[in-house]
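In what follows, a single structure is set out as structure tokens and then discussed.
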Amino acid sequence: MNRVLDVATSFSATLARLGSAVSVGNPGKRPEKPLELYEFENCPYCRKVREALSMLDLEAMIYPCPKRGPRVREQVKKRGGKTLFPYLVDPNTGKEMYESDDIVRYLFETYGDGNVPLLLSLRLLTDLTAGLASAFRPLQGTFYEPSTPPKKPLELYSFEASPFCRIAREVLCSLEIPYLLHNVAKGSPSREAFVERSGKMMVPYLVDPNTGTEIFESADIVAYLRQTYGGGKEKGSA
Ligand SMILES: N[C@@H](CCC(=O)N[C@@H](CS)C(=O)NCC(=O)O)C(=O)O
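Heads up: the sequence shown is residues 216 to 453, going by this note's numbering.
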């Protein structure tokens, strides 16, 4: 897709959700271990959960499950019995669950002040606007593209409402690449450490421990991911 159209449609997805998850809300207790989320980028229900993670400033291991993905979907079926997304695993409490509304409530009760923000609690309206966000980019972050998985998971600094971060996450998803998601929405206490590491406050920022690569710029990240892991070739090992 042409870059201007790419950014415009990704920005429209953010607008459809009225900028939900642009900033951190009232984070509460911090988990010791990152949460684990099985999802795919263009699933509107998965978006609701990712918004909650951004608002609560939570890190999560993301296991992308694009449609026709050969590697990760099967794990969800084995663990929970269904191929349905999102699926959250909290290694801190032993909870494993389907259903976006239940997951969102669980997250705010466990790691927030117990109150689910308005834009995530409007039931049908929340689902409709999340669906509209997905509709702006129907083919991105939906289907599997042949890839070779990296040996170690990647890391992405991001927040849900950023249109540029979405473009990077879509490709991680299509290539079925697991990554540790560091959420750094506006107001995030994690921003200071991020700036110390990267040199400036800008996302997306990709870290690949397999190759020692650390890069900004969604277009560069997309090109790097496709070149390094796309096409099912043995690449990207340390
Ligand atoms: N009520 C569920 C609906 C979840 C759902 O329908 N997810 C779709 C993706 S948007 C799904 O997993 N479809 C099966 C598939 O993609 O194979 C929720 O809110 O979590």
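By construction, the Cβ of each residue, glycine as well, lies at the ideal position given by its N, Cα and C atoms.
Asked, Found
"Quick one: residues in its chain with C-beta nearer than 7 Å to the C-beta of residue 431, no 5 flanking neighbours on either side, listed in chain order?", "417, 420"
"In three-state terms, what does DSSP make of residue 248?", "coil"
"Roughly how far, in whole angstroms, is the beta-carbon of residue 437 from the beta-carbon of residue 382, given that I think they are within contact range, below 8 Å?", "6 Å"
"Count the CB pairs spanning the segment 326-344 and the segment 257-277 that are closer than 8 Å, and state whether there are at least three.", "yes"
"By how many angstroms is the C-alpha of residue 392 removed from the C-alpha of residue 367?", "10 Å"
"Alpha carbons only, please: which of 282, 298, 385 is nearest the one belonging to residue 228?", "385"
"For the segment 226-240 and the segment 257-269, state whether three or more C-beta atom pairs, one from each stretch, are separated by less than 8 Å.", "yes"
"Measure the C-alpha to C-alpha separation of residue 449 and residue 378 and round it to an integer number of angstroms.", "Reliability of the predicted coordinates at residue 449 is poor, the pLDDT of 46 falling under 50, and no value is obtained from them."
"Given the structure, does residue 405 come close to ligand 1, in the sense that its CB is under 7 Å from one of the ligand's heavy atoms?", "no"
"Can you determine whether any heavy atom of ligand 1 sits closer than 7 Å to the C-beta of residue 363, and answer yes or no?", "no"
"With distance defined between alpha-carbon atoms, name the residue in 402, 446, 428 nearest to residue 238.", "402"
"Among residues of its own chain, excluding the 5 on either side of residue 223, which ones have a beta-carbon nearer than 8 Å to its beta-carbon?", "none"
"Go through its chain and collect everything with a Cβ distance to residue 216's Cβ below 6 Å, but skip five positions before and after it.", "none"
"So the beta strand (DSSP E) residue 279 belongs to, where does it begin and stop?", "275-279"
"Exposed or buried, which one is residue 281 when buried takes at least 16 other CB atoms within 10 Å?", "buried"
"DSSP three-state label for residue 264, please.", "helix"
"Do you know how far the Cα of residue 370 is from the Cα of residue 425?", "11 Å"
"Could you tell me whether any non-hydrogen atom of ligand 1 is closer than 7 Å to the CB of residue 301?", "yes"
"Spatial neighbours of residue 429 within its chain, please: CB distance less than 6 Å, with the 5 preceding and 5 following residues excluded, ordered by chain position.", "422"
"Please determine, among 307, 298, 350, 305, the residue with the shortest C-alpha to C-alpha distance to residue 283.", "298"
"For residue 308, count neighbouring Cβ atoms within 10 angstroms of its own Cβ and tell me buried if that reaches 16, exposed if not.", "exposed"
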